[in-house]
Structure formats: structure tokens, C-alpha cells
Amino acid sequence: MIDLHSHILPTVDDGARDLDETLAMCSMAAEDGCTAMVATPHLRHENWWNGDRRRLEKLWEQVRDRAKDRLEIFLGGEIAVNSQSCQEMELLPDCGLLPLAGSRYLLLELDVRGLGPDPEDLIHELSVAGWVPVLAHPERIPWLAGDLSYLLHLVAQGALLQITAMSLTGDLGRFALEASQRMLDAKIVHFVASDAHDSTFRRPGLSKAYQRVVIDQGEELARAIFFTNPSNVLANQPLHPTGAEGRASDAVTAGRPLHG
Ligand SMILES: [Fe+2]
Numbered sequence: 080m081i082d083l084h085s086h087i088l089p090t091v092d093d094g095a096r097d098l099d100e101t102l103a104m105c106s107m108a109a110e111d112g113c114t115a116m117v118a119t120p121h122l123r124h125e126n127w128w129n130g131d132r133r134r135l136e137k138l139w140e141q142v143r144d145r146a147k148d149r150l151e152i153f154l155g156g157e158i159a160v161n162s163q164s165c166q167e168m169e170l171l172p173d174c175g176l177l178p179l180a181g182s183r184y185l186l187l188e189l190d191v192r193g194l195g196p197d198p199e200d201l202i203h204e205l206s207v208a209g210w211v212p213v214l215a216h217p218e219r220i221p222w223l224a225g226d227l228s229y230l231l232h233l234v235a236q237g238a239l240l241q242i243t244a245m246s247l248t249g250d251l252g253r254f255a256l257e258a259s260q261r262m263l264d265a266k267i268v269h270f271v272a273s274d275a276h277d278s279t280f281r282r283p284g285l286s287k288a289y290q291r292v293v294i295d296q297g298e299e300l301a302r303a304i305f306f307t308n309p310s311n312v313l314a315n316q317p318l319h320p321t322g323a324e325g326r327a328s329d330a331v332t333a334g335r336p337l338h339g
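Numbered according to this note's numbering, the sequence shown terminates at residue 339, and the numbering increases by one at each position without gaps.
Put into C-alpha cells, the structure is as follows:
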């Protein structure tokens, strides 16, 4: 399995506190069956700006080299969407924002209060410019999680969705569990990632969620969202269509409600 979202870089955000914890998290992920992980520190977040790209790259090189006998580590970022995002996105790839593993895929965190630019505009602008927006944990963003019609619309516009492994296993509460199940049922989930922050409560590990998806949705979908799709991101290749994109698009065109 490949984990596209983790806070394993030490001392840069609310993730790993030091290199020892980073390496412990890498071992946990590898023992759980992960072969590769993308370190995605918060970027442009109000508490963790992380504008010094060279600092992040140096830390990543250190972690990558120390963990190479356990699993592969790539560098990316979890980009907080704020009022400056549209201007910054126009300056990609030279504005300090890190795509996932040097690909055209960008992991975006929408504001929990719904502030910032219209997501539809942002997704449109990025798509036109050749970037692929991946929305981080929509099941944990209340105004988004409760609106399946809007999520289907965003997917039809070109957004991909990444949900959290611990949401799917019920470890983050009923709201996140039910929202992630609705998205899975609607076939609009493209990735499951750990969003691991530490070696205690928000640990790495995807296998429990993988088993859950196999039971609820079947092995084909589970393999796509835990193996094939993230592997295509690392290779900077397009994903195989799931069918949800066309279905959502048809519903938008026909002007009917978009319930999955
Ligand atoms: Fe995160």
C-alpha cells in the first residue's frame, strides 16, 4: 500500500516531534504493509507556514536516507487553501508549494469554516493549468462532508478525494465514519491515506481500513484506492476512470439532484 498523506517530517508542524518519532512512524507503516509514504507537512496553514522549501527538502533527504531499509519516502505538502491561494497557484511550480512527490497532483486542505476562494473556481483554474487537485479528508470538513451533491459536483469538475483511514475504521467518530461511507458508496473516493501525526493516537497504518473497504465495497475498489491510484500519483500518471466522474457530470448537465 502507498500512503499519500502523513506528517512524518519532524518539527515542522503538529506531526512528528523529533527524528526518533519519525523513524518509529516509518517502522509502523512498513510493518503494516506500506511500501511508500509521502511526507506532507502543512503548508500555508495559519499555524505552520513552512515557506522555506529548502529546509523541508533537507529534512526529507535525512528521513528518506534513514528510512530507506523500511520504505520509500517522498516529499509533498498539505496546502491550506486561503484567500491568497488563487494568486499563488498561478505561480506554480516556482512559488514554494510542493506537489505530491514532484507530480502534477496537489494535496489541498479546504478551510473548515468554508473561508477562502470558491473551491469550484480553484479546481477549475488548477485543472486548466494542468494540475490535479486532491481534496484532503473531505469527510472531516463539516460543510463539505454533509453535502454529497456538492462533492459529486467538485469531482465532476476534476477534483479527486482522499479520505482518512481512521475515519473509515470509526476511530475519528461517527460523523467522519458515516460521511466517508457515503462517499465510498457514491464511488467518489480516489485515495485512502493515514494523515498520521504521531506514533501513539494518530498513527500510520492502512491495513485495517483496507480490510474494511474489501468487506464493504469489494477487492477491486480497495486495490484501486490503496494501491493503483496512489501508485499512479507517484508515477505522475493519470488515474483510471472510476465511472463516478461521468455520472456526476451527467447529473450536473441534466440539472437534476446529484445524490449518489
Ligand atoms: Fe494532514
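Just so it is clear, CB atoms sit at the ideal spot from N, CA and C, and this is done for glycine as well.
Predicted, not measured: the structure shown is a model, and the values here were computed from it.
Is residue i near ligand 1, judged by its Cβ being under 7 Å from some heavy atom?
i      : result
THR101 : no
GLU157 : yes
HIS319 : no
ALA215 : yes
ASP250 : no
HIS124 : no
Would you report the Cα separation of residue i and residue j, rounded to the nearest angstrom?
i      : j      : result
ILE242 : LEU251 : 12 Å
LEU122 : GLY297 : 35 Å
ILE81  : PHE153 : 11 Å
GLU167 : GLY237 : 19 Å
ASN311 : VAL117 : 13 Å
TRP128 : ILE158 : 9 Å
ALA108 : LEU285 : 8 Å
GLN163 : PRO178 : 17 Å
GLY195 : LEU201 : 10 Å
Can you tell me which of the three DSSP states residue i falls into?
i      : result
HIS216 : coil
MET104 : helix
SER206 : helix
PRO336 : With a pLDDT of 30 at PRO336, under the threshold of 50, the predicted position of this residue should be treated as unreliable, though the coordinate-derived value follows. Of the three classes helix, strand and coil, the one that applies to PRO336 here is coil, per DSSP.
PHE270 : strand
ILE87  : coil
ARG153 : Reading off the sequence shown, one finds Phe at residue 153, where the question assumed Arg. Of the three classes helix, strand and coil, the one that applies to PHE153 here is strand, per DSSP.
GLN163 : coil
Assign residue i to buried or exposed, taking buried as 16 or more other Cβ atoms, counted over all protein chains shown, within 10 Å of its Cβ.
i      : result
THR279 : exposed
GLU188 : buried
ASP274 : buried
Do three or more CB pairs link the region 214–225 to the region 247–266 at distances below 8 Å? In this structure the region 214–225 lies against the region 247–266, because at least three pairs of beta carbons, one per stretch, are closer than 8 Å.
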